[in-house]
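Take 1 as the starting number for the sequence shown in full-length UniProt numbering and just add one per residue. Data first, discussion second: the structure below is written as structure tokens.
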Amino acid sequence: MKTYNNKTSYTKKKDQVSNWYIIDAENKILGRLAKTVAEVISGKLKVNYVPYMDMGDNVVIINAKKIAVSGNKEEDKLYHHHSGFPGGLKTATLKQLRAKDARKVLENAISGMTPKTRMGKAMLKKVHIFNDANHKYQSKELKTLKVEE
1 MKTYNNKTSY TKKKDQVSNW YIIDAENKIL GRLAKTVAEV ISGKLKVNYV
51 PYMDMGDNVV IINAKKIAVS GNKEEDKLYH HHSGFPGGLK TATLKQLRAK
101 DARKVLENAI SGMTPKTRMG KAMLKKVHIF NDANHKYQSK ELKTLKVEE
């Protein structure tokens with residue numbers, strides 16, 4: 001007669017290894033890049049993923065100024081935020097927001113694909129966006145991450 005070992009193994013925080021990835025955003029489509037980054041920082045690509053633990057990896061994104069969008073989104077896509085005061089609604093196009101700070105465009109896209117909880121805020125802290133190729137994580141061992149075209 002066979003006996004079965006029905007023991008469930010649980011993922012522990014101390015067993016987690018956090019990797020560092022680098023993505024060159026030059027001529028990459030905004031939404032596809034954001035989807036890839038959201039998957040990596042959430043840890044959903046890992047074999048031992050559990051939804052109750054922060055298992056994501058760190059991602060460094062360079063050349064955020066040179067990201068690509070399709071169609072007329074440069075002029076048509078609008079970003080809204082409110083100051084909290086009456087009449088405080090501010091609206092900017094993608095072109096205006098990119099001219100002011102190109103990192104905000106990527107931050108908005110990635111945050112839209114993560115949970116709006118404490119875990120989501122912890123995930124967003126693992127994204128490091130830079131407008132050009134210079135970044136402060138040169139000393140880390142960065143693996144290149146491919147983004148689908």
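C-beta: ideal position from N, C-alpha, C; glycine also.
Suppose contacts are defined by Cβ-Cβ distances below 7 Å. Is V147 in contact with K73 by that definition? The residue you call residue 147 lines up with position 147 of the sequence shown. The residue you call residue 73 lines up with position 73 of the sequence shown. No, the Cβ-Cβ distance between V147 and K73 is not below 7 Å.
Look up L142 in the DSSP assignment and say whether it is helix, strand or coil. Against the sequence shown, residue 142 aligns to sequence position 142. Reduced to three states, the DSSP call for L142 is coil.
Selected residue, minimal CA-CA separation from Y10, among Q138, K66 and N48: The residue labelled residue 10 in the question sits at position 10 within the sequence shown. When each option's Cα is compared against that of Y10, the closest is N48.
Less than 6 Å between C-beta atoms, sequence neighbours within five positions excluded: which residues of the same chain meet that for L126? Against the sequence shown, residue 126 aligns to sequence position 126. Here the sequence assigns Lys to residue 126, which means Leu is not the residue at that position. These residues qualify, in order along the chain: I41, G56 and N58.
Which one of Y137, G112 and T91 has the shortest CA to CA distance from A38? By one-based count along the sequence shown, residue 38 stands at place 38. With distances taken between Cα atoms, A38 lies closest to G112.
Buried versus exposed call for G88 [16 or more other C-beta atoms within 10 Å across all chains shown]: If you number the sequence shown from 1, residue 88 lands on position 88. Exposed is the call here.
Kindly list the residues whose CB is nearer than 6 Å to the CB of A102, restricted to its own chain and excluding five residues on each side of it in sequence; keep chain order. Your numbering for residue 102 matches position 102 in the sequence shown. Excluding residues within five positions, the ones whose Cβ falls inside 6 Å are A64, K65 and N131.
Given this structure, state the Cα-to-Cα distance separating R118 from L124, to the nearest angstrom. Numbered from 1 along the sequence shown, position 118 holds the residue referred to as residue 118. Numbered from 1 along the sequence shown, position 124 holds the residue referred to as residue 124. So the two alpha carbons sit approximately 10 Å from each other.
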